[in-house]
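2 protein chains.
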Amino acid sequence: MDVPQYIEANRERFFADLKEWLAIPSISGDPAHHGDVRRSAEWFAAHLRDIGFPTVEVWETAGLPAVFAEWPAADPAAPSVVVYGHHDVQPVEPLGEWETDPFTPLEKGDRLIGRGTSDDKGQVFFHTLGVQANMAASGAPAPPVTVKLLVEGEEESGSLHFPELLRTHRDRLACDAIVISDTSMWSEDVPSMCTGMRGLTEAEVSLYGPESDLHSGSFGGAVPNPLHAMAALLAALHDADGRVTLPGFYDDVLPLTGEERELFARLPFDEAEWLRTAGGSRAPYGEKGFTTLERVWARPTAEINGMWGGHTGPGGKTIVPREAHAKISFRLVAGQDPAKVQESFRTWVQRNTPPGIRADIVTGGAVRACFSPIGSASVQAAKRAMEKAFGQEVLFTREGGSGPEADLADILEAPLVFVGLGLDSDRIHAPNEKAEMPLLLKGAEAAAYLWDEFATALRTA
Amino acid sequence: MDVPQYIEANRERFFADLKEWLAIPSISGDPAHHGDVRRSAEWFAAHLRDIGFPTVEVWETAGLPAVFAEWPAADPAAPSVVVYGHHDVQPVEPLGEWETDPFTPLEKGDRLIGRGTSDDKGQVFFHTLGVQANMAASGAPAPPVTVKLLVEGEEESGSLHFPELLRTHRDRLACDAIVISDTSMWSEDVPSMCTGMRGLTEAEVSLYGPESDLHSGSFGGAVPNPLHAMAALLAALHDADGRVTLPGFYDDVLPLTGEERELFARLPFDEAEWLRTAGGSRAPYGEKGFTTLERVWARPTAEINGMWGGHTGPGGKTIVPREAHAKISFRLVAGQDPAKVQESFRTWVQRNTPPGIRADIVTGGAVRACFSPIGSASVQAAKRAMEKAFGQEVLFTREGGSGPEADLADILEAPLVFVGLGLDSDRIHAPNEKAEMPLLLKGAEAAAYLWDEFATALRTA
Ligand SMILES: [Zn+2]
Ligand SMILES: [Zn+2]
Numbered sequence: 001m002d003v004p005q006y007i008e009a010n011r012e013r014f015f016a017d018l019k020e021w022l023a024i025p026s027i028s029g030d031p032a033h034h035g036d037v038r039r040s041a042e043w044f045a046a047h048l049r050d051i052g053f054p055t056v057e058v059w060e061t062a063g064l065p066a067v068f069a070e071w072p073a074a075d076p077a078a079p080s081v082v083v084y085g086h087h088d089v090q091p092v093e094p095l096g097e098w099e100t101d102p103f104t105p106l107e108k109g110d111r112l113i114g115r116g117t118s119d120d121k122g123q124v125f126f127h128t129l130g131v132q133a134n135m136a137a138s139g140a141p142a143p144p145v146t147v148k149l150l151v152e153g154e155e156e157s158g159s160l161h162f163p164e165l166l167r168t169h170r171d172r173l174a175c176d177a178i179v180i181s182d183t184s185m186w187s188e189d190v191p192s193m194c195t196g197m198r199g200l201t202e203a204e205v206s207l208y209g210p211e212s213d214l215h216s217g218s219f220g221g222a223v224p225n226p227l228h229a230m231a232a233l234l235a236a237l238h239d240a241d242g243r244v245t246l247p248g249f250y251d252d253v254l255p256l257t258g259e260e261r262e263l264f265a266r267l268p269f270d271e272a273e274w275l276r277t278a279g280g281s282r283a284p285y286g287e288k289g290f291t292t293l294e295r296v297w298a299r300p301t302a303e304i305n306g307m308w309g310g311h312t313g314p315g316g317k318t319i320v321p322r323e324a325h326a327k328i329s330f331r332l333v334a335g336q337d338p339a340k341v342q343e344s345f346r347t348w349v350q351r352n353t354p355p356g357i358r359a360d361i362v363t364g365g366a367v368r369a370c371f372s373p374i375g376s377a378s379v380q381a382a383k384r385a386m387e388k389a390f391g392q393e394v395l396f397t398r399e400g401g402s403g404p405e406a407d408l409a410d411i412l413e414a415p416l417v418f419v420g421l422g423l424d425s426d427r428i429h430a431p432n433e434k435a436e437m438p439l440l441l442k443g444a445e446a447a448a449y450l451w452d453e454f455a456t457a458l459r460t461a
Numbered sequence: 462m463d464v465p466q467y468i469e470a471n472r473e474r475f476f477a478d479l480k481e482w483l484a485i486p487s488i489s490g491d492p493a494h495h496g497d498v499r500r501s502a503e504w505f506a507a508h509l510r511d512i513g514f515p516t517v518e519v520w521e522t523a524g525l526p527a528v529f530a531e532w533p534a535a536d537p538a539a540p541s542v543v544v545y546g547h548h549d550v551q552p553v554e555p556l557g558e559w560e561t562d563p564f565t566p567l568e569k570g571d572r573l574i575g576r577g578t579s580d581d582k583g584q585v586f587f588h589t590l591g592v593q594a595n596m597a598a599s600g601a602p603a604p605p606v607t608v609k610l611l612v613e614g615e616e617e618s619g620s621l622h623f624p625e626l627l628r629t630h631r632d633r634l635a636c637d638a639i640v641i642s643d644t645s646m647w648s649e650d651v652p653s654m655c656t657g658m659r660g661l662t663e664a665e666v667s668l669y670g671p672e673s674d675l676h677s678g679s680f681g682g683a684v685p686n687p688l689h690a691m692a693a694l695l696a697a698l699h700d701a702d703g704r705v706t707l708p709g710f711y712d713d714v715l716p717l718t719g720e721e722r723e724l725f726a727r728l729p730f731d732e733a734e735w736l737r738t739a740g741g742s743r744a745p746y747g748e749k750g751f752t753t754l755e756r757v758w759a760r761p762t763a764e765i766n767g768m769w770g771g772h773t774g775p776g777g778k779t780i781v782p783r784e785a786h787a788k789i790s791f792r793l794v795a796g797q798d799p800a801k802v803q804e805s806f807r808t809w810v811q812r813n814t815p816p817g818i819r820a821d822i823v824t825g826g827a828v829r830a831c832f833s834p835i836g837s838a839s840v841q842a843a844k845r846a847m848e849k850a851f852g853q854e855v856l857f858t859r860e861g862g863s864g865p866e867a868d869l870a871d872i873l874e875a876p877l878v879f880v881g882l883g884l885d886s887d888r889i890h891a892p893n894e895k896a897e898m899p900l901l902l903k904g905a906e907a908a909a910y911l912w913d914e915f916a917t918a919l920r921t922a
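Chains L and E are the protein sequences, given in the same order. End of the first sequence sits at 461 in the working numbering; the numbers just go up one at a time, nothing left out. End of the second sequence sits at 922 in the working numbering; the numbers just go up one at a time, nothing left out.
Right under this line is the structure:
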């Protein structure tokens with residue numbers, strides 16, 4: 001029995017089991033559902049035991065529990081791989097917009113509609129079928145690499161206790177690669193793998209002028225206005241080419257390779273359609289010399305997220321306001337150190353604050369970008385597995401935002417490989433989240449091939 | 462009996478009467494006190510009748526009443542002068558900071574403490590003593606010019622119905638000059654006259670980008686951010702010399718004369734002290750080539766009064782916000798047309814809005830500056846009267862803000878002359894408002910001389 005045959009033979013059981021798991025409303029962001037998150041962990045642990053995982057444990061955190069399971073390879077010298085996903089889900093409001101109860105999964109043609117079908121229970125679940133299919137095809141009692149599943153319960157509420165969990169269990173999570181199954185492909189017709197996610201750091205700037213709001217009749221035009229200073233400061237954060245002006249900002253940026261740009265350019269990108277998804281934005285904008293995809297995936301940014309000061313209520317109030325505030329965040333790419341960007345921003349703000357204005361800067365949040373070079377052994381191995389499952393070339397993408405992936409790479413000190421089969425059209429985090437059932441099965445197939453590819457590639461790497 | 466003798470002989474009666482008027486809490490901004498504003502008008506009208514004004518009327522408006530009184534000159538060819546002031550007062554909160562009940566005036570040395578003592582009942586009241594002193598000194602039964610008092614009841618709440626009142630009674634208010642007694646002098650030791658007030662116009666700008674806030678991970682760096690556009694727009698509103706960049710903004714500005722700059726420069730100005738009064742501002746700032754006093758008195762400005770958009774609450778929120786807003790006001794000087802500035806600003810905003818952003822501009826408020834050249838006959842006549850009262854040279858100032866004065870000049874088509882004897886230290890609009898009693902008597906003396914000076918100057922002018 002080969003992998004596709006095994007999957008075909010077990011598809012009904014697979015979806016029946018998945019639906020049981022999906023029925024547990026494991027909303028980590030809602031304290032009323034924390035008991036359900038725990039039930040979800042226990043259900044999944046029981047299921048992993050049922051299908052034969054020799055080691056299955058529910059790992060407690062200071063918050064909600066994760067599930068750990070390990071199926072060791074027969075050969076003690078075989079590589080180890082951690083598979084990361086999460087079993088908690090997003091809230092479901094507004095309920096009225098759902099076609100079905102979010103926790104009563106509904107099959108509609110090829111689609112399975114319900115909270116968690118794509119993000120992320122469906123994607124985690126295809127690994128259970130994948131590892132079984134691998135062994136069914138090889139006839140061996142164990143996979144050719146040691147497979148360690150780590151499925152957390154707090155991803156949708158910020159993975160607050162995840163780094164601590166990784167540090168606590170660092171030894172047991174030792175591995176040669178980390179497979180992330182919580183991302184999406186370009187489209188159903190264009191299978192692809194993500195190779196990186198941007199990092200993030202944030203800052204809040206406050207500029208102070210007079211001790212109280214001043215009457216602009218008496219003082220306007222003769223004392224510094226903190227709102228003018230803020231406008232000038234933030235306007236100076238980009239040059240005319242849309243480049244960030246912080247000294248040294250681009251020094252450590254790992255440039256895009258010609259190969260990656262070429263592969264990005266082969267993605268069938270419809271800019272007008274993309275602008276529609278971008279809240280009906282009327283025009284693209286950004287750093288000169290880069291395409292829209294390169295800008296969101298592989299270039300760092302400085303973005304003003306909020307700005308306020310002075311009179312913001314109805315009507316006029318002719319004041320020179322006492323203060324101005326802004327929240328700024330920086331998306332970072334491979335090579336950049338969040339702490340260095342924070343420091344550079346602090347210095348830059350102080351240097352660009354005009355006489356008579358005092359600046360306060362509070363920085364926070366420091367997530368490094370994560371990145372897996374296309375040419376690396378683990379990415380190439382996963383690409384072969386994906387191509388075997390899809391029967392066509394697999395392209396590459398990146399993602400603009402970041403989750404707990406950087407922590408995994410940093411703490412476990414292993415390369416990340418993104419094998420995610422969600423779609424942008426899956427409406428994750430929104431009403432009527434769905435997964436394409438054929439894609440979940442493709443995921444199982446790719447996962448089955450992955451262990452053979454890794455067994456070869458990582459051993460010789 | 463000369464003017465000083467008459468004033469000395471009547472000072473006790475003068476302050477006793479003034480205190481009666483001050484005891485009426487004529488707070489126009491507080492509907493609970495609107496009955497008191499009416500009582501204040503009636504009290505003052507009765508007083509004017511008592512001291513012999515042949516015509517005294519309470520003029521109704523759609524809001525609160527004004528008092529009109531006329532004492533015609535004996536000679537029908539004599540000039541007419543309107544004296545403007547107001548009998549309504551500011552609110553008195555916080556009450557706990559007053560040394561006395563705000564409406565139970567307290568004498569403390571030379572000071573009279575109470576709401577309205579300086580702004581503006583005290584200043585209006587010195588004209589009653591002034592006109593009596595004039596006639597006592599001349600022995601004539603009428604002043605040498607026709608004196609028309611116009612004392613409104615809504616100045617502290619925006620003079621909403623004042624233009625309408627002026628238009629309704631335009632014929633009866635016909636005059637050759639308008640004396641404004643609602644301003645202040647440089648200081649007790651440096652008597653001065655105001656020669657102009659800046660005008661004002663306002664605008665609110667809204668910039669719109671995507672239809673909803675976007676996740677900056679997915680879209681940041683590739684779509685226009687309205688907050689960036691707002692910062693760039695407002696930063697571009699001034700050049701490096703602090704000049705407003707709107708095309709044509711300075712074209713119509715009446716330049717300061719060398720004489721006026723010289724006279725301003727003779728005022729004993731302590732910049733460090735001024736910065737302290739400017740809310741502890743840490744440094745002066747403004748248009749290059751002008752002193753602080755010139756900047757606040759005689760140069761136009763563009764001031765950001767408020768700015769907001771995106772996430773302004775606690776914590777971070779990594780969004781590209783859908784919109785940004787700002788409130789801007791322009792202080793205008795003699796020569797500038799508020800409507801022209803509004804139009805120029807609209808055009809400029811639209812031209813400087815980047816692709817992908819839509820701008821909405823709402824303009825409002827259009828108060829022209831008012832200005833009386835130092836060399837004009839009426840200003841010189843008032844200067845002579847002031848110098849006779851003070852026995853020393855009178856210098857010139859201007860004021861940065863504006864009240865209903867421009868409407869008076871526009872609708873009555875007569876020049877303004879500012880004979881105001883308040884002091885910056887009078888704490889008008891604040892707890893413990895006070896007037897220096899010797900200054901109120903000097904005001905009466907100057908007012909007494911004024912009618913003789915005007916009789917000569919305006920007849921021959
Ligand atoms: Zn997810
Ligand atoms: Zn006043």
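Cβ coordinates follow ideal geometry from the N, Cα and C atoms, glycine included.
* Range covered by the beta strand (DSSP E) that runs through residue 529 of chain E -> 527-532
* **Contacting residues, own chain, Cβ-Cβ under 7 Å from residue 612 of chain E (five flanking each side not counted)** => 505, 527, 528, 546, 547, 548, 585
* **Beta-carbon neighbours of residue 813 of chain E, restricted to chain C and to distances below 7 Å** => Checking the listed chains, one finds no chain C in this structure; the protein chains it contains are L and E.
* Under the three-state reduction of DSSP, which class applies to residue 634 of chain E: helix, strand or coil? -> coil
* To do: For chain L, find out if any of its Cβ atoms is closer than 9 Å to the Cβ of residue 887 of chain E; answer yes or no.
  => no
* Can you name the start and end residues of the beta strand (DSSP E) that residue 86 of chain L belongs to? -> 80-86
* So, is the C-beta of residue 922 of chain E closer than 9 Å to a C-beta in chain L? -> Below a pLDDT of 50, predicted positions are generally treated as unreliable, and residue 922 of chain E, at 47, falls in that range; the measurement from the model is reported next regardless. Not one chain L Cβ lies under 9 Å of residue 922 of chain E.
* Minimum length 3: unbroken beta strand (DSSP E) runs contained in the region 592-642 of chain E -> 607-613, 638-641
* Asked: Can a CB atom of chain E be found closer than 9 Å to the CB of residue 320 of chain L?
  -> yes
* **Contacting positions in the region 841-862 of chain E - beta carbon closer than 7 Å to chain L** => 861, 862
* Return yes when at least one heavy atom of ligand 1 lies under 8 Å from the C-beta of residue 153 of chain L, else no. => no
* Could you tell me whether any non-hydrogen atom of ligand 1 is closer than 8 Å to the CB of residue 464 of chain L? => Residue 464 of chain L lies beyond the range of chain L shown here (1 to 461); nothing can be said about it.
* **Backbone CA spacing between residue 844 of chain E and residue 809 of chain E [nearest angstrom]** => 43 Å
* To do: Give the residues from the region 274-291 of chain L that approach chain E closer than 8 Å (Cβ to any Cβ), ordered along the chain.
  => 275, 278, 279, 280, 281, 282, 283, 284, 285, 286, 287
* To the nearest angstrom, how far is it from the Cα of residue 461 of chain L to the Cα of residue 377 of chain L? -> Here residue 461 of chain L scores only 47 on pLDDT, less than 50, and its place in the model should not be relied on; the value that follows carries that caveat. Rounded to whole angstroms, residue 461 of chain L to residue 377 of chain L spans 7 Å at the Cα level.
* So which of E/743, E/884, E/516, E/763 has the shortest CA-CA distance to residue 711 of chain E? -> E/763
* **residue 724 of chain E: first and last residue of the uninterrupted alpha helix (DSSP H) it sits in** => 719-726
* Check the DSSP bridge columns for residue 572 of chain E and list the partner residues they point to. => E/569, E/897
* To do: Would you kindly work out how many angstroms separate the C-alpha atoms of residue 14 of chain L and residue 196 of chain L, rounded to a whole number?
  => 30 Å
* residue 299 of chain L burial status per 10 Å Cβ neighbour count (16 or more: buried) -> buried
* **Interface residues of chain E facing residue 308 of chain L [CB-CB closer than 8 Å]** => 768, 769, 770, 773
* **Cβ-based contacts, 7 Å cut-off: residues of the region 670-687 of chain E near chain L** => 670, 671, 672, 673, 675, 676, 677, 678, 679, 680, 681, 682, 683, 684, 685, 686
* Asked: At least one CB of chain L closer than 9 Å to the CB of residue 668 of chain E: is that the case?
  -> no
* **Reference residue 355 of chain L, options L/102, L/243, L/210, closest by Cα** => L/210
* Range covered by the beta strand (DSSP E) that runs through residue 829 of chain E -> From DSSP, residue 829 of chain E is part of no beta strand (DSSP E); its letter is neither H nor E.
* To do: May I have a chain-ordered list of the beta strand (DSSP E) segments no shorter than 3 residues that lie completely inside the region 802-878 of chain E?
  => 819-828, 856-860
* **Coarse secondary structure for residue 758 of chain E, derived from DSSP in three states** => helix
* Asked: Are three or more beta carbon pairs between the region 562-574 of chain E and the region 892-899 of chain E nearer than 8 Å?
  -> yes
* To do: Please decide whether residue 230 of chain L counts as near chain E, where near means a Cβ-Cβ distance under 9 Å.
  => yes
* Asked: If we count the other Cβ atoms within 10 Å of its Cβ and call it buried at 16 or more, is residue 1 of chain L buried or exposed?
  -> exposed
* Asked: Are residue 148 of chain L and residue 236 of chain L closer than 9 Å when you measure CB to CB?
  -> no
* Asked: Is there at least one non-hydrogen atom of ligand 2 closer than 8 Å to the beta-carbon of residue 558 of chain E?
  -> no
* Count the other C-beta atoms from every protein chain shown that fall within 10 angstroms of the C-beta of residue 792 of chain E, then say buried if there are 16 or more, exposed otherwise. => buried
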